[in-house]
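First the structure, in the form of structure tokens, and then the observations on it.
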Amino acid sequence: MNGAELPPSLERIRQDFLDLPEPERLELLLEFSHDLPEMPTRLADHPELQERVAECQSPVYIVVELDDDDAVAMHATAPATAPTTRGFAGILVEGLRGLTAEQALGVPDDFPQSIGLTRAVSPLRIAGMTGMLARAKRQIRERLASRAS
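All residue numbers for the sequence shown refer to the working numbering, where the first residue is 15 and numbers rise by one.
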């Protein structure tokens, strides 16, 4: 990683992966896939509010919200037939939840490469998670900018 310190939630997730032997890391990714919460109805019923992550091979859509205290809530949806994509989305949904906007924006862009899956999944899949993180950060910046104006 680029030397930036991870927020505790993402550091814990990263360490959980790194503590496992490489073959078992895919099992943990699958757990995140199963644990990905459904998109809230207020967002699921409004696809125009969801952003497609074009870097992902599978159709994954995200929405990032900020509450009045600038705490982050990321929501994502991906098909059950795309467990790797769902798992990566689940990692970010869990890891970014409750962070301040500033903390989320400070997450290193190369976080997806740091969790020990680069040899277990294709570079395209890692690029998909990197795309999810980049789009989440962009949405956070947009939300902050709209409040300032």
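Ideal placement from N, C-alpha and C gives every residue a C-beta, glycine not left out. Since the structure is predicted, the reported quantities are computational estimates derived from the model, not experimental observations.
Task: Backbone secondary structure at Ala162 - three-state DSSP - done: In the sequence shown, counting from the first residue as 1, residue 162 sits at position 148. In the structure shown, Ala162 sits in a helix (DSSP, three-state: H, G or I).
Open item on the list: For a test of the three-state rule: what should DSSP assign to Arg66, helix, strand or coil?
Closed with: Working through the sequence shown from its first residue, we reach residue 66 at position 52. If DSSP states are grouped into helix, strand and coil, Arg66 belongs with the strands.
TODO: Give, in chain order, every unbroken run of the beta strand (DSSP E) that is at least 3 residues long and sits entirely within the region 31–83.
DONE: 75–80
Task: Top-ranked residue by Cα proximity to Asp84, from Arg100, Ala141, Ala118 - done: By one-based count along the sequence shown, residue 84 stands at place 70. Measuring from the Cα of Asp84, the nearest candidate turns out to be Ala118.
TODO: Let me know the secondary structure DSSP gives Ile95 once reduced to three states.
DONE: In the sequence shown, residue 95 corresponds to position 81, counting from 1. Before going further, note that residue 95 is Thr rather than Ile in the sequence given. It is coil, neither helix nor strand.
Task: Spatial distance of Glu38 from Val78 (CA atoms) - done: What you label residue 38 is simply residue 24 of the sequence shown in a count that begins at 1. What you label residue 78 is simply residue 64 of the sequence shown in a count that begins at 1. Those two C-alpha atoms are separated by around 30 Å.
Open item on the list: By the DSSP assignment, the alpha helix (DSSP H) with Glu116 in it spans what residues?
Closed with: Within the sequence shown, residue 116 is the residue found at index 102, counting from 1. Residues 115–119.
- [ ] Tell me whether His89 is buried or exposed, calling it buried when 16 or more other Cβ atoms sit within 10 Å of its Cβ.
- [x] The residue given as residue 89 occupies position 75 in the sequence shown. Burial call: buried.
Open item on the list: Just to confirm, is the Cβ distance from Phe102 to Met146 under 8 Å?
Closed with: Counting from 1 along the sequence shown, the entry for residue 102 is found at position 88. Counting from 1 along the sequence shown, the entry for residue 146 is found at position 132. Against a cut-off of 8 Å, the Cβ pair of Met146 and Phe102 comes out as a contact.
Task: Min CB distance Ala159 to chain B below 8 Å - done: Chain labels in this structure do not include chain B; a single protein chain is all it has.
- [ ] Spell out a yes or no on whether the region 132–150 and the region 64–74 are touching, meaning 3 or more CB-CB pairs, one atom from each, closer than 8 Å.
- [x] yes
Open item on the list: Please tell me whether Met143 and Pro122 are closer than 8 Å, where the distance is taken between their beta carbons.
Closed with: Taking the sequence shown and counting its residues from 1, the one referred to as residue 143 is at position 129. Taking the sequence shown and counting its residues from 1, the one referred to as residue 122 is at position 108. Taking 8 Å as the Cβ cut-off, Met143 and Pro122 do not qualify as a contacting pair.
Task: Alpha carbon of Asp59 to alpha carbon of Thr99, nearest angstrom - done: For the purposes of this step, residue 59 is identified with residue 45 of the sequence shown, where counting begins at 1. For the purposes of this step, residue 99 is identified with residue 85 of the sequence shown, where counting begins at 1. Looking at the two C-alpha atoms, the distance is approximately 22 Å.
- [ ] Compute the beta-carbon to beta-carbon distance between Gly109 and Ser23, rounded to the nearest angstrom, for a pair I have assumed lies under 8 Å.
- [x] The sequence position of residue 109 within the sequence shown is 95, counting from 1. The sequence position of residue 23 within the sequence shown is 9, counting from 1. About 5 Å; that satisfies the 8 Å criterion.
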